[in-house]
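Peer 1:
Number of protein chains: 2
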Amino acid sequence: MNASAMKASPTKASPTKAGPVKVTTRRRPGRPAGGQHVVNRQLVLDAAERAIRRDGPTVSLEAIAVEAGVTKPVVYARVGGRAEVANALSERLADRIMSAVFAAIQGKPIGRATLVSFLVANLEVVAANRELFLYVTGGTSDDTPLRTLHLARHSALPLAEVLANWRSSNARDAAVAIPWAYGVIGMLHLVSLWWINESDTPAPQLAEQLAELLWSGLATE
Amino acid sequence: MNASAMKASPTKASPTKAGPVKVTTRRRPGRPAGGQHVVNRQLVLDAAERAIRRDGPTVSLEAIAVEAGVTKPVVYARVGGRAEVANALSERLADRIMSAVFAAIQGKPIGRATLVSFLVANLEVVAANRELFLYVTGGTSDDTPLRTLHLARHSALPLAEVLANWRSSNARDAAVAIPWAYGVIGMLHLVSLWWINESDTPAPQLAEQLAELLWSGLATE
DNA sequence: CGGAACAACTTACTCAGAGTAAGTATTACC
DNA sequence: GGTAATACTTACTCTGAGTAAGTTGTTCCG
Chain C
1 MNASAMKASP TKASPTKAGP VKVTTRRRPG RPAGGQHVVN RQLVLDAAER
51 AIRRDGPTVS LEAIAVEAGV TKPVVYARVG GRAEVANALS ERLADRIMSA
101 VFAAIQGKPI GRATLVSFLV ANLEVVAANR ELFLYVTGGT SDDTPLRTLH
151 LARHSALPLA EVLANWRSSN ARDAAVAIPW AYGVIGMLHL VSLWWINESD
201 TPAPQLAEQL AELLWSGLAT E
Chain Z
1001 MNASAMKASP TKASPTKAGP VKVTTRRRPG RPAGGQHVVN RQLVLDAAER
1051 AIRRDGPTVS LEAIAVEAGV TKPVVYARVG GRAEVANALS ERLADRIMSA
1101 VFAAIQGKPI GRATLVSFLV ANLEVVAANR ELFLYVTGGT SDDTPLRTLH
1151 LARHSALPLA EVLANWRSSN ARDAAVAIPW AYGVIGMLHL VSLWWINESD
1201 TPAPQLAEQL AELLWSGLAT E
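Rendered as structure tokens:
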């Protein structure tokens, strides 16, 4: 389909000089006046997000470039190839999750209620960034598993630190912190994937179920 | 008949590889005698696994076909495109994991020791199928997240059934079985990914750490 | 026994998208 | 005003997925 290539261009820089068409027409070559980039890394990534939300996880870099109002080499200059775009967006999503999480549990002591807040915040951010989540966890790149790890690390390491401190202050072995953190993030990862695709359980209820597993464990007595 | 000279060329002697001269001679066209396929679905998938182990998760379908001693359209006829190859291999890996798991916990009652056996079996199969694991969890296809779900489902649903029965027999709510199953599988998924890439903790020790989380939960007292 | 029909392939293509080399317009500097 | 630097675009190459058309041997029927 070539339609996607020409989709986002509103006007093809019409030669009629009817007026100052300030639309997101593609920049002309040449060094700009301000000495600054017109479309910086931030804006490219914003455009990438928009394109992903619109076209799903299979958007091409070309489409992202068009959405940003530039051409492919500019995307390469600002952020890099497909893998690096995905990595950058991974970090964005991880940061977004971490902000929501810390906002949700700020000041609270570690306990079951805090755990539920943590889980709900996670689920809600994923739900609000569905296409982005699918993009960074799948996409079309070669290194997906490594990027999954990359994304996970951004969530897991802060969590591991919290866990390690907490365990230490309770006089318990802190060596479990890292595997536990990856475990919890992995749990959230797959449950989120299942949830946004095949379940309509409300987030708080799902969080309660997960909290029951994580807080009390499987043991019945 | 114009090209009697090129008839005898066994293969194109792949220019890039200097590997094993195993190169199975490609079949000539024509209906075979037995009326059966010479290279069936099973053999194609075997070849795919071999190619993945040799070339890593980025093998092309072409390379898989060559490894199988056939050409691309045969691969398409037997198993399908890249996504379907990956799905089929996902099921293979999931079955392999499930066999190991059931062999490990057969007959044992559900308890902490059984949980550890379950986890160790999982980790060991993943470690023994490292490249395959990376292929099915990453690969290069469009639908990776959905295939991840596909792979996970093959492990999660049997587990969910076990959990549901166990919860019911203990007079506890069985509705948590499905989210818990996805949670446990997701935990194993990401921990495995982290483990085979960045950790050298022995499998039994890692399994113990995870078991501590899953069995007793985070609660300290 | 001699075709027509068919089955199982291979060859050779199309198509899309990632990544890059070369060209062009604009500004800055001396 | 001319030269260098800069910020782009155009236009390419290259790889790999997926497919259409051709080729060779087998079977079935008269």
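Chains C and Z, in that order, give the protein sequences.
Going by our numbering, the letters in the first sequence line up with residues 1 to 221, in that order.
Going by our numbering, the letters in the second sequence line up with residues 1001 to 1221, in that order.
Built from N, CA and C at the ideal position, the CB exists for glycine as well.
Model, not experiment: these values are computed from the prediction.
1. Along the alpha helix (DSSP H) that carries residue 1127 (chain Z), what are the first and last residues, could you check?
2. For the structure I just gave you, are there three or more beta carbon pairs, one from the stretch 130-137 of chain C and one from the stretch 178-198 of chain C, closer than 8 Å?
3. What is the DSSP secondary structure of residue 99 (chain C), counted as helix, strand or coil?
4. Does chain C have any CB closer than 8 Å to the CB of residue 1187 (chain Z)?
5. Going by other Cβ atoms of all chains shown within 10 Å of its Cβ, with 16 needed for buried, is residue 40 (chain C) buried or exposed?
6. Could you check which residue in Z:1216, Z:1174 and Z:1142 has the C-alpha nearest to that of residue 56 (chain C)?
7. Quick one: what's got a C-beta closer than 7 Å to residue 216 (chain C)'s C-beta in the same chain, skipping five residues either side?
8. Pick out the complete alpha helix (DSSP H) segments inside the stretch 52-107 of chain C, 4 residues or longer, and give them in chain order.
9. Give the residues from the stretch 1135-1154 of chain Z that approach chain C closer than 9 Å (Cβ to any Cβ), ordered along the chain.
10. Roughly how many whole angstroms lie between the Cα atoms of residue 1164 (chain Z) and residue 1157 (chain Z)?
11. Taking buried to mean at least 16 other C-beta atoms within 10 Å of its own C-beta, is residue 1172 (chain Z) buried or exposed?
12. Between which residues of its own chain and residue 44 (chain C) is the CB-CB distance below 7 Å, once the five residues before and five after are set aside?
13. Do you know how far the Cα of residue 1110 (chain Z) is from the Cα of residue 1119 (chain Z)?
14. Quick check: is the beta carbon of residue 1182 (chain Z) nearer than 8 Å to any beta carbon in chain C?
15. Which residue comes first and which comes last in the alpha helix (DSSP H) that contains residue 155 (chain C)?
16. Please list, in chain order, the chain C residues whose beta carbon lies closer than 7 Å to that of residue 1193 (chain Z).
17. Report the CB separation of residue 125 (chain C) from residue 97 (chain C) in whole angstroms; it is logged as a contact under 8 Å.
18. When burial is assigned at 16 or more other CB atoms within 10 Å of the CB, is residue 14 (chain C) buried or exposed?
19. Count the other CB atoms, across all protein chains shown, that sit within 10 Å of the CB of residue 990 (chain Z); report buried if there are 16 or more and exposed otherwise.
20. For residue 103 (chain C), count the other beta carbons within 10 Å of its own beta carbon; 16 or more makes it buried, fewer makes it exposed. Which is it?
21. Residue 202 (chain C): buried (16+ other C-beta within 10 angstroms of its C-beta) or exposed?
22. For the alpha helix (DSSP H) containing residue 177 (chain C), name the first residue and the last one.
23. Could you tell me the distance, in whole angstroms, from the CA atom of residue 21 (chain C) to the CA atom of residue 65 (chain C)?
24. Kindly indicate the opening and closing residues of the alpha helix (DSSP H) around residue 1219 (chain Z).
25. Just confirm the distance between the C-beta atoms of residue 1159 (chain Z) and residue 1174 (chain Z), as a whole number of angstroms; I'd bet it's less than 8 Å.
Peer 2: According to the structure shown:
1. Against the second sequence, residue 1127 (chain Z) aligns to sequence position 127. Segment 1112-1128, the alpha helix (DSSP H) holding residue 1127 (chain Z).
2. yes
3. For the purposes of this step, residue 99 (chain C) is taken as the residue at position 99 of the first sequence. Note: residue 99 (chain C) maps to helix in three-state DSSP.
4. On the second sequence, position 187 is the one that residue 1187 (chain Z) refers to. Cβ-Cβ to chain C under 8 Å: yes for residue 1187 (chain Z).
5. Within the first sequence, the letter at position 40 stands for residue 40 (chain C). Per the 10 Å Cβ criterion, exposed.
6. The residue you call residue 56 (chain C) lines up with position 56 of the first sequence. Comparing Cα positions, the closest option is Z:1142.
7. Looking up residue 216 (chain C) in the first sequence gives position 216. Same-chain partners within the cutoff: there are none.
8. Within the stretch 52-107 of chain C, the complete alpha helix (DSSP H) runs of at least 4 residues are 61-68, 72-78 and 82-105.
9. If the cut-off is 9 Å between Cβ atoms, the stretch 1135-1154 of chain Z has 1135, 1137, 1138, 1139, 1140, 1141, 1142, 1143, 1144, 1145, 1146, 1147, 1148, 1149, 1152 and 1153 near chain C.
10. Taking the second sequence and counting its residues from 1, one reaches residue 1164 (chain Z) at position 164. Taking the second sequence and counting its residues from 1, one reaches residue 1157 (chain Z) at position 157. Those two C-alpha atoms are separated by around 10 Å.
11. Looking up residue 1172 (chain Z) in the second sequence gives position 172. Its Cβ having fewer than 16 others within 10 Å, residue 1172 (chain Z) is exposed.
12. Taking the first residue of the first sequence as 1, we reach residue 44 (chain C) at position 44. So the qualifying residues of the chain are 68, 75, 78 and 79.
13. As a working note, residue 1119 (chain Z) is residue 119 in the second sequence. As a working note, residue 1110 (chain Z) is residue 110 in the second sequence. Near 13 Å, if we compare the C-alpha coordinates of residue 1110 (chain Z) and residue 1119 (chain Z).
14. Looking up residue 1182 (chain Z) in the second sequence gives position 182. By this cut-off, residue 1182 (chain Z) is an interface position.
15. The residue you call residue 155 (chain C) lines up with position 155 of the first sequence. 144-169 is the extent of the alpha helix (DSSP H) around residue 155 (chain C).
16. Position 193 of the second sequence holds residue 1193 (chain Z). Those within 7 Å of residue 1193 (chain Z) in chain C are 145, 148 and 149.
17. Translated into positions along the first sequence, residue 125 (chain C) becomes position 125. Translated into positions along the first sequence, residue 97 (chain C) becomes position 97. That pair is a contact at about 5 Å.
18. Residue numbering aside, residue 14 (chain C) sits at position 14 when the first sequence is read from its first letter. Residue confidence for residue 14 (chain C) is low, a pLDDT of 35 falling below 50, so the modelled location carries little weight; the figure read from the coordinates is stated next. So residue 14 (chain C) ends up on the exposed side.
19. Any answer about residue 990 (chain Z) is impossible in this case: the structure gives chain Z only from 1001 up to 1221.
20. The residue given as residue 103 (chain C) occupies position 103 in the first sequence. Flag for residue 103 (chain C) reads exposed.
21. Translated into the one-based positions of the first sequence, residue 202 (chain C) becomes position 202. By the 10 Å Cβ count, residue 202 (chain C) comes out exposed.
22. Position 177 of the first sequence, counted from the first residue, corresponds to residue 177 (chain C). Residues 177-198.
23. Position 21 of the first sequence, counted from the first residue, corresponds to residue 21 (chain C). Position 65 of the first sequence, counted from the first residue, corresponds to residue 65 (chain C). Unreliable positioning characterises residue 21 (chain C) in this predicted model, as indicated by a pLDDT of 34, which lies under 50. A coordinate reading is not provided.
24. As a working note, residue 1219 (chain Z) is residue 219 in the second sequence. Neither: residue 1219 (chain Z) is in no alpha helix (DSSP H) and is coded neither H nor E.
25. Indexing the second sequence from 1 puts residue 1159 (chain Z) at position 159. Indexing the second sequence from 1 puts residue 1174 (chain Z) at position 174. Residue 1159 (chain Z) to residue 1174 (chain Z), Cβ: 13 Å. No contact.
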